[in-house]
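Presented below is the structure to which this report refers.
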Amino acid sequence: MSTLVMEPTHMAARYLRALLRQPLYVVMQLVQPVIWLFLFGQLFKNIDRLPGFGGGSYIDYLAPGVLVMSALLSNGWSGTMYIVDMERGVLDRLLATPARRSSLLLGQLGYWAMLTVIQSVILIALSMLAGARFAGGPLSVVALIAAAVLLGTVMACLSNVMALRLRQQDTVIAANVLLVLPLCFVSTLFIPGALMPGWIQTVARFNPVNWAVEAGRQSLVAGVDWSIVLTRLGGLAVLALVFGFFAVRAFRAYQRSV
Amino acid sequence: MSAAVSGARERAAIAVDGIAKTYGKSVRALRGVSFDVEPGTVFALLGPNGAGKTTAVKILTTLSRPDSGHAQVAGIDVLGDPKGVRRVIGCVAQKDAVDLEATGRENIVLQGQLYGMHGAELDRRVDELLDRFRLTEAADRISRTFSGGMRRKLSVAIGLVHRPRVLFLDEPTTGLDPEARSDMWAEIQRLSVNDGMTVLLTTHYLDEADHLADRLVIIDEGQVVTEGTPDQLKSELRGDAIQVDLDSAAASEPGMRALRSLNGRLRDMTCLGRTIHARVDDGASAVPGVLAVLDGAGVRVAAVTVSRPSLDDVYLNHTGRAFRPAPEGDSR
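Line by line, the protein sequences are chains B and F. Per this note's numbering, the very first residue in the first sequence carries number 417; after that it's consecutive. Per this note's numbering, the very first residue in the second sequence carries number 26; after that it's consecutive.
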């Protein structure tokens, strides 16, 4: 089979094997979104009584948002893999093989995408147990997961760029925290746009996290507005390509500095 | 003349021509380094840490680009066709470059896969390498559990999986215990002698370069200080060291007088207690004359030792400084 497919597959398999050897880490990755869902669900459960919320229960409303936030949080760790590889000299070894730089990246992104999908499926199942109904049907749920994967990919690429350029573990982790929560709060993730101050509504329009939330939330309504879903997913896909390009370029920047 | 030179350069496994590299604004890691490596030989870059050895290796393995100068590996230009170079070289970095979360076998397999190897061919090659480096028993353990010596062997095995034509070993024995070091030396000799591989190694151990290298360059502060075979470099120093142990300190005065009568064959004579040190051209053939003249003067000799100059002496001679490796951890 073509090296275009095989190289990334081998790289993804490497990360997956390492993951499966840390069962506790797997459990924590999967439990974390569940904690968010029930914590925020309880904390803000009276929001659905506010005029302007628009009906439905808050846990329904929150489920797609928590899914998107979880994808951001986990994919934000992506760069730390390269930091570890750098410190051990593994990255230099990989870069001295004939494998494409894009293969090294795609394998890692593929691994994160797999992780995001598994995390999302578990979260969707649990939200359904908690009473969330995905009235939009299976296809709209797939769109929700796709939104999480695309946004996660953007985040992973950003984290990789920081790792390859700054080469500092602490900076990558701090940037993850600094970025994810504000981006989530400046979106309709927790409350509907109608309840937000005007300036946040304006900022949210340009916030990719909000695009993912809007696309994902269509899975909750019976009459899915596919134009919302497709435009938001399209925007995220373009962003993922742009950031992927930057991440491949960052390998070159890294090599210049070694 | 120039045609002969370029012909020789084309045959060279590694041809380096004036490479220079500056990090940031002021750290001049390399200041125009040139050398050629004959195919199938072991070549050493010898110098203290911080001399520029690792930078040279990074440029030759396409990880880094020189600011100026050219380099070819196996006849392929490192700047013009880096991917072509990557296909034919193997690299074993100073850090072990082992994925500690993977087993020994998985580490080698992934490397092979990235060179496009697969299936039974790859499995066979991996088994062969595990066996060669005596890692078969530990092969399916997570490499985090490996000792330092095992990790180093694994990292060499990883670098060999695709049967490279040119192998780069950056400080292959730094941090190894004496037993693991002598294992590694034997393995490096096997690579060159049995497999016909060209090996370029960097080291800050004089004895290592002396023991392994067919040719070597001494690099200091980013420049080639001298080049040659270990023997050539040592014979550039005038003469061998000769040491005469007399049977008593009282004999040293007549002993010195007798040796001076050899009409200057012995130079730099010094006497310490009952031992006389001197330098002499071709020490072995001078010994009978030394013994005869001492015997004639009635001076009894306990022992005579002749030693070839070491690379320590060569280093001192060329840099004006005693060889003193910088603290470990600086990888430039």
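In this text, a Cβ means the ideal position worked out from N, Cα and C, and glycines have one as well. Remember, predicted model here, so these are calculated numbers, not experimental data.
- Task: Using a cut-off of 9 Å between C-beta atoms, extract the partners of Q448(B) located in chain F.
- Result: The residue you call residue 448(B) lines up with position 32 of the first sequence. Within 9 Å Cβ-Cβ: nothing; Q448(B) doesn't reach chain F, min ~21 Å.
- Limits of the unbroken beta strand (DSSP E) element including A276(F): Here residue 276(F) refers to the residue found at position 251 when the second sequence is read from its first residue. It is not in any beta strand (DSSP E) - A276(F) carries neither H nor E in the DSSP assignment.
- the segment 92-120 of chain F: positions lying closer than 8 Å to chain B by Cβ: K108, R111, R112, I114, C116, A118, Q119, K120
- Message: If you follow the alpha helix (DSSP H) that M427(B) is in, where does it begin and where does it stop?
- Response: Your numbering for residue 427(B) matches position 11 in the first sequence. Start and end: 419-436.
- Which residues, in chain order, does the segment 560-587 of chain B contribute to contact with chain F at a C-beta distance below 7 Å? none
- Query: What number of angstroms, rounded off, separates the C-alpha of N576(B) from the C-alpha of E261(F)?
  - Reply: Numbered from 1 along the first sequence, position 160 holds the residue referred to as residue 576(B). Numbered from 1 along the second sequence, position 236 holds the residue referred to as residue 261(F). Their backbone Cα atoms lie some 53 Å apart in a straight line.
- What three-state label does DSSP hand R668(B) in the structure shown? Within the first sequence, the letter at position 252 stands for residue 668(B). If DSSP states are grouped into helix, strand and coil, R668(B) belongs with the helices.
- Message: Just to make sure I have the definition right: I need the residues of chain B whose C-beta is within less than 7 Å of the C-beta of L135(F). Which are they?
- Response: Your numbering for residue 135(F) matches position 110 in the second sequence. Per Cβ cutoff of 7 Å: H426, R430.
- Query: Which word fits A28(F), buried or exposed, when buried means at least 16 other C-beta atoms lie within 10 angstroms of its C-beta?
  - Reply: The sequence position of residue 28(F) within the second sequence is 3, counting from 1. Low confidence applies here, because A28(F) scores a pLDDT of 46, under 50, leaving its location unreliable; read the following figure in that light. With fewer than 16 other Cβ atoms within 10 Å, it is exposed.
- Query: Using DSSP with H/G/I as helix, E/B as strand and the rest coil, what is T604(B)?
  - Reply: Along the first sequence, read from residue 1 onward, the residue named residue 604(B) stands at position 188. DSSP places T604(B) in coil when its eight states are reduced to three.
- Message: Please tell me whether G457(B) and P608(B) are closer than 8 Å, where the distance is taken between their beta carbons.
- Response: As a position in the first sequence, residue 457(B) is number 41, starting the count at 1. As a position in the first sequence, residue 608(B) is number 192, starting the count at 1. Contact: no.
- Proximal chain B residues relative to L125(F), where beta-carbon distance stays under 8 Å: Indexing the second sequence from 1 puts residue 125(F) at position 100. R504, listed in chain order.
- Report, in whole angstroms, the separation of the C-beta atoms of N623(B) and L646(B), which I expect to be a contact under 8 Å. Stepping through the first sequence from its first residue, residue 623(B) is reached at position 207. Stepping through the first sequence from its first residue, residue 646(B) is reached at position 230. At roughly 18 Å, the Cβ-Cβ gap does not stay under 8 Å, so N623(B) and L646(B) are not in contact.
- Which residues of chain B have a Cβ atom closer than 7 Å to the Cβ of L88(F), listed in chain order? Locating residue 88(F) in the second sequence gives position 63, where the first residue counts as 1. Correct list: D508, L511, A512, Q671, V674.
- Query: Could one say the Cβ of G173(F) lies closer than 8 Å to chain B's Cβ atoms, at least one of them?
  - Reply: The sequence position of residue 173(F) within the second sequence is 148, counting from 1. G173(F) does not count as touching chain B.
- Query: Is there at least one non-hydrogen atom of the ligand HEM closer than 7 Å to the beta-carbon of S172(F)?
  - Reply: The ligand HEM is not part of the structure shown, which contains no ligands of any sort.
- Own chain residues within Cβ distance below 8 Å of R292(F), not counting five before or after: Counting from one through the second sequence, the residue named residue 292(F) turns up at place 267. So the qualifying residues of the chain are R263, G264, A303, R304, V305.
- Message: My output table needs one value for M26(F): the three-state DSSP class, helix, strand or coil.
- Response: The sequence position of residue 26(F) within the second sequence is 1, counting from 1. Unreliable positioning characterises M26(F) in this predicted model, as indicated by a pLDDT of 39, which lies under 50. The coordinate reading is nonetheless provided below. Correct three-state label for M26(F): coil.
- Item | Beta-carbon contacts of R430(B) that lie in its chain and below 7 Å, excluding the five residues immediately before and after | Numbered from its first residue, the first sequence carries residue 430(B) at position 14. Counting only Cβ-Cβ distances below 7 Å, and skipping sequence neighbours, we find nothing.
- Alpha-carbon spacing of P613(B) relative to V482(B), whole angstroms: Sequence index remark: in the first sequence, residue 613(B) carries index 197 (1-based). Sequence index remark: in the first sequence, residue 482(B) carries index 66 (1-based). Between P613(B) and V482(B), the C-alpha separation is close to 21 Å.
- Query: What residues from chain F crowd round T419(B), counting only those whose CB sits closer than 8 Å?
  - Reply: Residue mapping note: residue 419(B) aligns to position 3 of the first sequence, counting from 1. Correct list: G141.
- Query: Just the Cα atoms here: how many angstroms apart are I101(F) and A562(B)?
  - Reply: The sequence position of residue 101(F) within the second sequence is 76, counting from 1. The sequence position of residue 562(B) within the first sequence is 146, counting from 1. Whole-angstrom Cα-Cα distance: 44 Å.
- Query: Any Cβ of chain F within less than 8 Å of the Cβ of A541(B)?
  - Reply: By 1-based counting over the first sequence, the position of residue 541(B) is 125. Chain F, which has no Cβ nearer than 8 Å to the Cβ of A541(B), makes this no.
- Item | Exposure of D337(F), with buried meaning 16 or more beta-carbon neighbours within 10 Å | Walking along the second sequence from the start, residue 337(F) turns up at place 312. Burial call: exposed.
- Classify T254(F) as buried or exposed, calling it buried when 16 or more other Cβ atoms lie within 10 Å of its own Cβ. As a position in the second sequence, residue 254(F) is number 229, starting the count at 1. Under this definition T254(F) is an exposed residue.
- 8 Å Cβ cutoff, A145(F) in contact with chain B: Counted from its first residue, the second sequence places residue 145(F) at position 120. No - not a single Cβ of chain B is within 8 Å of the one on A145(F).
- Where does F659(B) fall in DSSP's three states? Residue mapping note: residue 659(B) aligns to position 243 of the first sequence, counting from 1. DSSP places F659(B) in helix when its eight states are reduced to three.
- Does DSSP classify H143(F) as helix, strand or coil? By one-based count along the second sequence, residue 143(F) stands at place 118. Three-state result, H143(F): coil.
- Task: For chain B, find out if any of its Cβ atoms is closer than 8 Å to the Cβ of Q138(F); answer yes or no.
- Result: As a first step, residue 138(F) is located in the second sequence; it is residue number 113 there, counting from the start. Judged by the 8 Å Cβ criterion, Q138(F) is in contact with chain B.
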